[in-house]
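Here the structure is laid out as structure tokens; the discussion comes afterwards.
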Amino acid sequence: MEYIDIFTRDGQYTGVTRPKHDPKKRGEYYRHVLVIMKTTDSPAPGEGEGLYIVQQRSLKARFYPGMWDMTGGAVMAGELQEAAAIREVKEELDITILPEELKLGFERIVDWDDGTGLLLSVFMCRVDVPENGFKFDPHEVNDVKVMPFREFLHHVSDHNDEDFCNGLKEIEKKL
Numbered sequence: 001m002e003y004i005d006i007f008t009r010d011g012q013y014t015g016v017t018r019p020k021h022d023p024k025k026r027g028e029y030y031r032h033v034l035v036i037m038k039t040t041d042s043p044a045p046g047e048g049e050g051l052y053i054v055q056q057r058s059l060k061a062r063f064y065p066g067m068w069d070m071t072g073g074a075v076m077a078g079e080l081q082e083a084a085a086i087r088e089v090k091e092e093l094d095i096t097i098l099p100e101e102l103k104l105g106f107e108r109i110v111d112w113d114d115g116t117g118l119l120l121s122v123f124m125c126r127v128d129v130p131e132n133g134f135k136f137d138p139h140e141v142n143d144v145k146v147m148p149f150r151e152f153l154h155h156v157s158d159h160n161d162e163d164f165c166n167g168l169k170e171i172e173k174k175l
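Numbering of the sequence shown is given in full-length UniProt numbering, commencing with residue 1 and proceeding in unit increments.
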């Protein structure tokens, strides 16, 4: 069973750790990471549109089933966000990222209607496309593609707000 730490909206640890899928109470937030992966053979920032590794979520996923999205997941109890980002990419796509290759793109708070939410850290890195294709966890991922930034942004904009998408545009400018 996976456990997560519970935080206040302003990021203070509450001292509570609970199973990941247990219902959250009003005012409870947990940490979540996403990783934006641009291919190493993409043009340098400002020199053309980058190519991004994007995964199609499992058709059985709890949230956004079958949608094209970024790699990511919950930060486990006691885990740092950077370690969670590296772990999620390895678990879902079998791609190894070194800590020094990972940079923080932006952070934001996601509030849900029930009074709970996420403390979201969005990381960015450049990675090689595996020579023998992607090996992915079929329980989490249905498919993986490399796509130009505009197509990537189009896919993720249907389930993310304008501020989030503007953050992705900033990543494209500097990654």
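Where a beta carbon is used, it is the ideal one built from N, C-alpha and C, also for glycine.
- By the beta-carbon neighbour count (other beta carbons within 10 angstroms, threshold 16), MET1 is exposed.
- If you look at LYS90, you'll find it in the alpha helix (DSSP H) that goes 81-93.
- Across the set GLU88, GLU162, HIS21, MET147, the C-alpha of GLU88 shows the shortest separation from the C-alpha of ASP137.
- In terms of Cα proximity to GLU28, the closest of ARG9, PRO19, THR17, THR40 is ARG9.
- For the pair of segments examined, the region 18-28 was found not to touch the region 151-161: the number of CB pairs separated by less than 8 Å stays below three.
- For GLU172, the three-state secondary structure derived from DSSP is helix.
- A contact is defined here as three or more CB-CB pairs under 8 Å, and the region 66-73 meets this definition with respect to the region 30-45.
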